[in-house]
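S.K.: The structure that follows is given in the form of structure tokens.
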Amino acid sequence: MPQFTFETVPRIVCEQGGSLRLGEIACELGISRVFVVTDRGLVKAGVIDDALAAIEASGLKLSLFSDVVADPPEASVLAAVAAARDVAADGVIGIGGGSSLDTAKLVALLACTAQPLAEIYGIGLARGGRLPLIQVPTTAGTGSEVTPISILTTPTNEKKGVVSPLLYPDVALLDGRLTLGLPAPITAMTGVDAMVHAIEAYTSRLKKNPLSDALAIKALQLLHANIGAAVSAGSDPTVRENMLLGSLFAGMAFANAPVAAVHALAYPLGGQFHLPHGLTNSLVLGPVLEFNRSAATELYAELGRAILPGLHAASDAAAATTFIDTLRALVAAMPYAQRLRDVDIDETALPGLARDAMNVQRLLVNNPREVAYADALAIYRAAW
Ligand SMILES: NC(=O)c1ccc[n+]([C@@H]2O[C@H](COP(=O)([O-])OP(=O)(O)OC[C@H]3O[C@@H](n4cnc5c(N)ncnc54)[C@H](O)[C@@H]3O)[C@@H](O)[C@H]2O)c1
Ligand SMILES: [Zn+2]
């Protein structure tokens, strides 16, 4: 029997309109002064109006922090922590994309510890308790609602992670209605991010395990089957629910079998050029899959057969090639920039990006093929 450890959140609620029950769920967790963490875009779009009204109607004292910044800079997270302390919040609800959920995690943690943020970057360094935490994703997505990870941008424009079991929320709530108005380019980028989580979890070198594998396969099937419709006809609730579920499964998978070179090479693009996380993954995905092909032929073939049943009789080499080609064609059809040069990255920036990527050893160790500086540079050149 394989040896592995698998962790996830204690409670998942998947329900159309479930965000209208957030007050009730918060009360069950013993919360009376709730601190809601989100971003201005969501407030402006009116996406969370009904949820906020329902929380207030349930008699809770609500404080709203809507100043989350994409790819949260440290300062924005610390401002949220200070605001939560000011109102003596006794519980946190994150509603939004990964940026809001990652901020909410650290608010719940840092609001009740004296440990400075600088001390908890890395794996397993956070101590103490945290406030009760409910996470509600509005993108599909980062899967952050079921991961023990929070990714921030440091003052030197590095993307760094805090990883701790304390960051698993008490409840992850999926409400497909919240994603009905997600604009097509964000649907596309965040959907590809979720697909990358599934692919990288399935090929993860050190912690790959049967539970993550099953979740990654199911995630990729759901995401592959629904991403086209989600981008072109986003108002279909079933399609949106399938995307959210796929993103959740992929999150549960990579929380236990971590992501690898796609993310390691995406982070410097996000840190230095402030491009959306899903887009940065998408820009390097094709070249990384090509680079990994020799080491991951069998696994890519298995993923190919999972999404394209016609590949069952094909050899591993043929199935892996079709898998990579399918992913490349899927990304090429998405409504956003396709190459590094298209997002105003100068060719002279590539060596610096490759140097920064080599610092993301936390993720590179999970890649099926070892990545040296020259490899990273070649991948960026192929993506340029
Ligand atoms: N913790 C993790 O496990 C994990 C995993 C992957 C990525 N991340 C991090 O998550 C962040 C990216 O998150 P993201 O890709 O979800 O984007 P995001 O949270 O930065 O949001 C992007 C934009 O989408 C808008 N938006 C979100 N939901 C919407 C909706 N339903 N309707 C209309 N607009 C909506 C927001 O207002 C924002 O402008 C990055 O910082 C990334 O590093 C974390
Ligand atoms: Zn990601």
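The opening position of the sequence shown corresponds to residue 27 in this note's numbering, with each subsequent residue numbered one higher. Here a beta-carbon is modelled for each residue, glycine too, at the ideal position from N, C-alpha and C.
For the alpha helix (DSSP H) holding V310, just list the boundary residues, first then last.
M.R.: That run of the alpha helix (DSSP H) goes 303-333.
S.K.: Assign N385 to one of two classes, buried (16 or more other C-beta atoms within 10 Å of its C-beta) or exposed (fewer than that).
M.R.: By the 10 Å Cβ count, N385 comes out exposed.
S.K.: Taking only heavy atoms of ligand 1 into account, decide whether any of them is closer than 8 Å to the Cβ of A245.
M.R.: no
S.K.: Kindly indicate which residue of A242, I160, N252, S261 has the alpha-carbon position closest to the one of P209.
M.R.: S261
S.K.: In the DSSP assignment, find the alpha helix (DSSP H) that holds Q298 and state where it starts and stops.
M.R.: 287-299
S.K.: Comparing the CB of N282 with every heavy atom of ligand 2, is any distance shorter than 8 Å?
M.R.: no
S.K.: What span of residues does the beta strand (DSSP E) with F349 cover, start to end?
M.R.: First-last for F349: 342-358, but that is the alpha helix (DSSP H), not the beta strand (DSSP E).
S.K.: If you measure from the CB of V285, is any heavy atom of ligand 2 nearer than 8 Å?
M.R.: yes
S.K.: Using the three-state DSSP reduction, which class does S190 fall into: helix, strand or coil?
M.R.: Note: S190 maps to coil in three-state DSSP.
S.K.: Pull the bridge partners of R59 from the DSSP assignment, please.
M.R.: K87
S.K.: I'd like to confirm the pairing. Which residues does DSSP put opposite T40 in its beta bridges?
M.R.: It should be noted that the sequence gives Cys, not Thr, for residue 40. DSSP output for C40 lists L200 as bridge partner(s).
S.K.: Let me check understanding here. Comparing Cα to Cα, which of I81, E82, L132, G117 lies closest to A106?
M.R.: L132
S.K.: Taking the alpha-carbon of P191 as reference, which of A281, A276, L390, V94 has the nearest alpha-carbon?
M.R.: A281
S.K.: Between N392 and ligand 2, is there a pair consisting of the residue's CB and a ligand heavy atom that are separated by less than 8 Å?
M.R.: no
S.K.: Excluding sequence positions up to five away, which residues of its chain have a Cβ less than 7 Å from the Cβ of N235?
M.R.: P28, F30, F32, N282, A283
S.K.: Using a Cβ-Cβ cutoff of less than 6 Å, which residues in the same chain neighbour E82 once the five nearest sequence positions on both sides are dropped?
M.R.: L88
S.K.: Among V94, A96, D112, G312, which residue has its Cα nearest to the Cα of A289?
M.R.: At residue 289 the sequence reads His, which differs from the Ala that was named. The candidate whose alpha carbon is nearest that of H289 is G312.
S.K.: Ignore the nearest five residues each way along the sequence and tell me which others in E145's own chain have a CB closer than 7 Å to its CB.
M.R.: L151
S.K.: Report the option in S92, N252, L48, G272 whose CA atom is closest to the CA atom of V172.
M.R.: G272
S.K.: Check each candidate in L104, A245, P158 and name the one with the smallest Cα separation from A166.
M.R.: A245
S.K.: Please report the residue range of the alpha helix (DSSP H) in which I371 lies.
M.R.: Careful: I371 lies outside any alpha helix (DSSP H) and carries neither H nor E.
S.K.: When you compare the CB positions of V103 and T139, do they come within less than 9 Å of one another, or not?
M.R.: no
S.K.: Hey, how far is the Cα of A359 from the Cα of P211?
M.R.: 11 Å
S.K.: Measuring from the CB of H303, is there a heavy atom of ligand 2 at a distance below 8 Å?
M.R.: yes
S.K.: Looking at the unbroken beta strand (DSSP E) that takes in L206, where does it start and where does it end?
M.R.: Unbroken run through L206: none, as it is neither H nor E.
S.K.: Tell me where the alpha helix (DSSP H) around I405 begins and ends.
M.R.: 399-409
S.K.: Inspect the CB distances between the stretch 68-76 and the stretch 174-182 and report whether three or more fall short of 8 Å.
M.R.: no
S.K.: If we count the other Cβ atoms within 10 Å of its Cβ and call it buried at 16 or more, is Y228 buried or exposed?
M.R.: buried
S.K.: Buried or exposed: which applies to K186, given that a residue is buried once 16 or more other Cβ atoms fall within 10 Å of its Cβ?
M.R.: buried
S.K.: Does ligand 2 have even one heavy atom less than 8 Å from the beta-carbon of T129?
M.R.: no
S.K.: Contact defined as beta carbons within less than 8 Å: I believe N307 pairs with D219. What is the distance between those atoms, to the nearest angstrom?
M.R.: With a Cβ gap of about 5 Å, N307 and D219 count as contacting.
S.K.: The alpha helix (DSSP H) spanning S176 covers which residue range?
M.R.: Looking at the DSSP string, S176 is not in any alpha helix (DSSP H); the run it does join, the beta strand (DSSP E), is 175-179.
S.K.: If you draw a straight line from the alpha carbon of T168 to that of G124, how long is it in whole angstroms?
M.R.: 6 Å
S.K.: Under three-state DSSP, which class holds K185?
M.R.: strand
S.K.: Beta carbon of R365, beta carbon of A409: below 9 Å?
M.R.: Contact check for R365 against A409 passes: the beta carbons are separated by less than 9 Å.
S.K.: So what's P99 in DSSP terms, helix, strand or just coil?
M.R.: The three-state reading of DSSP puts P99 in strand, counting E and B together.
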